[in-house]
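Scroll down for the structure; my scribbles are underneath it.
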Ligand SMILES: [Zn+2]
Ligand SMILES: [Zn+2]
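In the numbering used here, the protein residues as written are 1 to 358.
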């Protein structure tokens with residue numbers, strides 16, 4: 001096997017270089033994966049533009065980004081080998097949130113809050129490369145019917161599954177989803193199958209809202225673009241009109257916009273559950289009108305990462321509950337990773353999900 005591989009190494013804001021670097025060593029608890037498809041996450045964009053620090057000890061590069069990826073097993077460390085868990089040639093998807101299974105949080109079952117979390121693409125080198133190592137405990141075998149392309153949606157889908165579990169939809173409820181990106185599109189599909197009565201999808205770009213309509217949203221609203229046919233001046237009034245004045249039963253906010261979250265509080269009614277999903281910026285403060293929040297008996301919950309949600313995410317794909325492939329609008333080779341990231345950020349050619357294909 002070759003000793004070197006091509007990798008996109010992120011150094012600092014807007015500086016990523018295609019380099020030849022050593023193929024990573026495989027320790028006893030590792031598995032080496034030949035990368036196939038890597039999704040670009042909103043957080044990759046944030047890291048690339050220096051909007052949030054990467055997870056290395058210094059918060060800086062050099063680091064290979066990319067944490068939503070599938071690949072083929074090419075080398076199995078001693079432990080997984082002795083347990084008979086994986087073998088060369090296995091098709092796998094990597095769960096990048098890799099816990100230690102020995103700290104207090106892990107013992108409490110809060111593995112996503114592990115004190116020794118290791119995350120390929122965030123704390124250690126990730127998937128924008130020909131090869132990547134993963135702990136054996138972070139690998140899932142892909143079912144036969146799931147391609148590398150589809151499988152690379154497992155991580156974001158698992159986060160969406162976790163968000164939907166937190167949202168706790170009861171049959172027939174009026175559900176609002178504020179954010180029509182890839183996450184929102186998956187949530188619309190899941191909310192329908194879970195039994196939502198009506199779903200309103202809210203955003204600022206028509207092409208994303210229209211895709212949401214195809215995915216099952218009953219109503220779409222554009223809160224920003226005055227030229228849009230879906231434009232509403234007063235979202236609360238629009239939701240009120242659709243619900244006999246009761247407002248929404250549930251709201252989930254798959255966008256980092258703090259305004260959108262405050263809007264979610266505003267458009268929900270009695271005993272509503274509101275889920276904070278999109279990663280906020282460092283200085284964001286949520287303003288909650290205390291009296292109405294209290295006397296309407298509302299709940300706000302956060303949905304962070306995807307604890308225990310991976311099996312359900314894989315089932316959602318194999319059972320056809322969520323169609324992820326249609327969300328993939330653009331693919332690029334490894335050489336063009338920077339272009340893929342900047343084009344996605346600038347919404348060139350109406351992207352939804354973008355993948356690097358090796
Ligand atoms: Zn991600
Ligand atoms: Zn731990």
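Note that beta-carbon positions come from the ideal geometry of N, C-alpha and C, so glycine has one too.
Being a predicted model, the structure only gives us computed values, none of them experimental.
The region 236-251 contacting the region 164-176, beta-carbon criterion three pairs below 8 Å: yes
In DSSP terms, what residue 136 is bridged to: By 1-based counting over the chain shown, the position of residue 136 is 136. Paired residue(s): none; residue 136 is not in a bridge.
Which of helix, strand or coil DSSP assigns to residue 68: As a working mapping, residue 68 is identified with position 68 in the chain shown. Strand, per DSSP.
Check: residue 306 C-beta below 7 Å from any heavy atom of ligand 2: Numbered from 1 along the chain shown, position 306 holds the residue referred to as residue 306. Checking the Cβ of residue 306 against ligand 2 gives no.
Complete alpha helix (DSSP H) runs within the region 283-341 (minimum length 4 residues, chain order): 290-295, 310-318
Stretch-stretch touch, CB-based, cutoff 8 Å, three pairs: the region 77-85 with the region 28-40: yes
Cβ-based burial, residue 285 [other Cβ within 10 Å; buried from 16]: The count along the chain shown starts at 1 and reaches residue 285 at position 285. Exposed: under 16 other Cβ atoms inside 10 Å.
CB contact flag (residue 142, residue 92, <8 Å): By 1-based counting over the chain shown, the position of residue 142 is 142. By 1-based counting over the chain shown, the position of residue 92 is 92. Their beta carbons are under 8 Å apart, which means residue 142 touches residue 92 by this criterion.
Nonlocal neighbours in the same chain, by C-beta distance under 6 Å from residue 303, ignoring five residues either side: Along the chain shown, read from residue 1 onward, the residue named residue 303 stands at position 303. Cβ neighbours of residue 303 beyond the five flanking positions: 162, 163, 166, 275, 277.
Simplified DSSP state of residue 249, which is helix, strand or coil: Against the chain shown, residue 249 aligns to sequence position 249. Strand, per DSSP.
Simplified DSSP state of residue 123, which is helix, strand or coil: On the chain shown, residue 123 is found 123 positions in, with the first residue counted as 1. Three-state result, residue 123: coil.
Complete runs of the beta strand (DSSP E) confined to the region 141-202 [at least 3 residues]: 174-178
Distance between residue 62 and residue 20 (C-alpha atoms, nearest Å): Along the chain shown, one-based indexing puts residue 20 at 20. Along the chain shown, one-based indexing puts residue 62 at 62. Those two C-alpha atoms are separated by around 13 Å.
Outcome for residue 208 when other beta-carbon atoms lying within 10 angstroms are tallied against a minimum of 16: Sequence index remark: in the chain shown, residue 208 carries index 208 (1-based). Label assigned to residue 208: buried.
C-alpha gap between residue 235 and residue 267, whole angstroms: One-based indexing of the chain shown puts residue 235 at position 235. One-based indexing of the chain shown puts residue 267 at position 267. One C-alpha to the other measures close to 7 Å.
First through last residue of the alpha helix (DSSP H) which encompasses residue 45: Looking up residue 45 in the chain shown gives position 45. Note, residue 45: alpha helix (DSSP H), 42-48.
Length of the line joining the Cα atoms of residue 131 and residue 119: Position 131 of the chain shown, counting from 1, holds the residue named residue 131. Position 119 of the chain shown, counting from 1, holds the residue named residue 119. The straight-line gap from Cα to Cα measures roughly 15 Å.
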